[in-house]
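Below you'll find the structure, written out as structure tokens, and then a few comments.
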Amino acid sequence: MNAARWPRDRPDTARLLHVEPRQERFTDTVASELPQLLREGDLLVMNDAATLPGSLTGRTGAGAPIELRLLSHEPDDTWTAVLFGAGDWRRRTEDRPPPPELPVGARLDVGGLAARVVEVLPPSPRLLRVAFDLSGAALWQALYTAGRPVQYAYTAGPLALWHVQTLYASRPWAAEMPSAGLPLTASVLLRMKARGVRWASLTHAAGLSSTGDAALDAVLPRPERSDIPERTVALVEETRAKGGRVVAVGTTVVRALEGRATQHGALVPGEAVTDLLLGPGYVPRVVHGLLTGVHDPGSSHHALLQAFAPLPLLQRASAHAEGAGYLGHEFGDTCLILDS
């Protein structure tokens, strides 16, 4: 499927493929029509994580050119990150040269920030835990001054940080944008509200989609943390009790909600880490439907969709989307998997 190469001026003009699993059918529409596909009493749950300026270029202590892509900020004030070799986003991830292998204690100079390796993590020597020489507000200011958003070679030019934020982005937790929420413009949300559709949020640390390292890519997505507010838990429970549908905006929301319910036997508020991998045979405990991007068969995101619709239907829908010219990746078209 062809990739969208640049953000739309109006994200709600994206094409939308509505897949209805029980009816085994799909129809074409546009994202601006999303309010008409929901009904009074439904609840939309969104990931309000802002996207980090997580791409930092620089050199090792020995002078080798590198790029460090931040994955997550850890409770001990270190960062989990992936190390890349020379080059930048203009070169395909899988074609980038490997970086030098760094031992614990190795120094890095990235974006004018000094950092050291505090741990090398499995399954790849490129997966590191690093500590910066700054902390608190000084570190965040430096990151926002020197860092850029993570991007890939299919994009048409350098992205600004504001290109990769949803309308409702809040805390900077996401390595890559939770892009399923892009079509949720103010106009779309207001028309949903007028129809009696409510919305709630959680914060989930969306990770990287690709590293170019086969061993590391094979274990994506890695465990990710989320913070689910008490209000969101209450709205989910109330919606389900009244026969409404809980619709997740993005696979990160599915992972957060279903992971928490699997861990505790019920949805509970607060912060936690989930390693849940959804796919064929998984029966959702919380979520009824999903708004997501258009994913190619064989991807980890496409495998997750099989928790909501049978593979033959998804394969037919994907073939239709490709033939009809739908665009993939974060700025591409969208898909709603939800029965009428």
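Taking the working numbering, the leading residue of the sequence shown gets 335, the next gets one more, and so forth. No residue lacks a Cβ here, since even glycine has one placed at the ideal position from N, Cα and C. Since the structure is predicted, the reported quantities are computational estimates derived from the model, not experimental observations.
Identify whether residue i lies in helix, strand or coil by the three-state DSSP scheme.
i	result
Ala-637	helix
Ser-513	helix
Ser-366	helix
Leu-495	helix
Thr-489	coil
Val-484	coil
Asp-561	strand
Ala-548	helix
Trp-500	This sequence places Thr at residue 500; Trp is not what is there. If DSSP states are grouped into helix, strand and coil, Thr-500 belongs with coil.
Pro-345	helix
Leu-386	coil
Asp-427	Here the sequence assigns Thr to residue 427, which means Asp is not the residue at that position. In the structure shown, Thr-427 sits in a helix (DSSP, three-state: H, G or I).
Leu-542	coil
Leu-350	strand
Leu-461	strand
Leu-371	helix
Leu-436	coil
Leu-670	strand
Just to confirm my understanding: we take residue i, look at its own chain, exclude 5 residues before and 5 after, and list those with CB closer than 7 Å. What are they?
i	result
Ala-490	Arg-339 and Trp-340
Pro-457	Ala-549, Leu-550 and Val-553
Ala-643	Val-353, Pro-355 and Ile-671
Pro-387	Leu-477, Tyr-478, Gly-481, Arg-482, Pro-483 and Leu-495
Asp-443	Gly-392 and Arg-393
Val-580	Leu-377, Val-379, Val-570, Thr-573, Arg-574, Val-620, Val-621 and His-622
Thr-412	Val-452, Arg-463, Val-464 and Ala-465
Ala-590	Leu-536, His-538, Ser-560, Ile-562 and Thr-608
Gln-485	Trp-423 and Leu-493
Leaving out the 5 sequence neighbours to the left and right, which residues in its chain are closer than 6 Å to residue i when beta-carbon positions are compared?
i	result
Ala-348	Ala-365, Pro-517, Asp-667 and Thr-668
Thr-545	Val-416 and Asp-551
Glu-453	Arg-463
Arg-441	Gly-395 and Arg-450
Ser-652	Pro-631
Leu-372	Val-531
Arg-556	Gly-541
Val-607	Pro-557 and Arg-559
Tyr-616	Ala-641
Gly-419	Arg-430, Pro-431, Pro-432 and Pro-433
Leu-648	Leu-639
Glu-358	Leu-647
His-407	Trp-413
When the Cα of residue i is compared with those of the options, which residue comes out closest?
i	options	result
Gly-397	Pro-433, Val-620 and Arg-425	Pro-433
Ala-540	Val-588, Leu-569, Leu-402 and Asn-336	Val-588
Lys-527	Glu-374, Arg-344 and Gly-546	Glu-374
Ala-520	Val-438, Leu-501 and Leu-455	Leu-501
Asp-343	Ala-487, Val-498 and Ala-595	Val-498
Glu-664	Ala-472, Pro-492, Arg-450 and Ser-543	Ser-543
Ser-535	Asp-547, Leu-524, Ser-560 and Arg-556	Ser-560
Ala-658	Leu-351, His-635 and Glu-558	Leu-351
Val-583	Ala-595, Pro-345 and Asn-381	Asn-381
Glu-564	Asp-547, Gln-475 and Gly-604	Gly-604
Pro-345	Glu-401, Arg-359, Leu-523 and Arg-426	Leu-523
Gly-421	Leu-612, Leu-610 and Leu-402	Leu-402
Asp-410	Ser-469, Thr-566, Glu-592 and Trp-474	Ser-469
Arg-677	Pro-492, Trp-474 and Ala-600	Here the chain has residues from 335 to 674 only, and residue 677 is not among them.
Leu-625	Asp-673, Leu-447 and Leu-390	Asp-673
His-635	Leu-612, Leu-390 and Ala-595	Leu-612
Thr-427	Gly-446, Ala-487 and Ala-568	Ala-487
Glu-435	Asp-467, Gly-445 and Pro-399	Pro-399
Ser-389	Gly-445, Thr-596, Pro-459 and Ala-568	Gly-445
Gly-578	Thr-596, Trp-533, Thr-363 and Thr-361	Trp-533
For the beta strand (DSSP E) holding residue i, just list the boundary residues, first then last.
i	result
His-538	532 to 538
Trp-474	From DSSP, Trp-474 is part of no beta strand (DSSP E) but of the alpha helix (DSSP H) over 470 to 480.
Leu-378	377 to 381
Asp-443	441 to 444
Ala-338	Premise fails: Ala-338 is in no beta strand (DSSP E) and is neither H nor E.
Ser-389	389 to 394
Val-454	447 to 454
Pro-506	506 to 508
Arg-356	Per DSSP, Arg-356 belongs to no beta strand (DSSP E) and is neither H nor E.
Ser-406	399 to 407
Thr-414	413 to 418
Val-581	580 to 583
How far does the alpha helix (DSSP H) with residue i in it extend, from its first residue to its last?
i	result
Ser-521	520 to 528
Thr-566	564 to 575
Please return the same chain residues whose Cβ sits closer than 8 Å to the Cβ of residue i, not counting the five positions on each side in sequence.
i	result
Ala-383	Ala-503, Ser-504, Arg-505, Pro-506, Trp-507, Ala-508, Pro-512, Thr-537, His-538, Ala-539, Ala-540 and Thr-586
Gly-662	Met-335, Asn-336, Ala-337, Ala-338, Gly-627, Val-628, His-629 and Asp-630
Pro-614	Ala-637, Gln-640, Ala-641 and Leu-645
Which runs of the alpha helix (DSSP H) at least 4 residues long sit entirely within the region 585 to 668? Give them in chain order.
Runs found: 585 to 598, 634 to 639 and 645 to 657.
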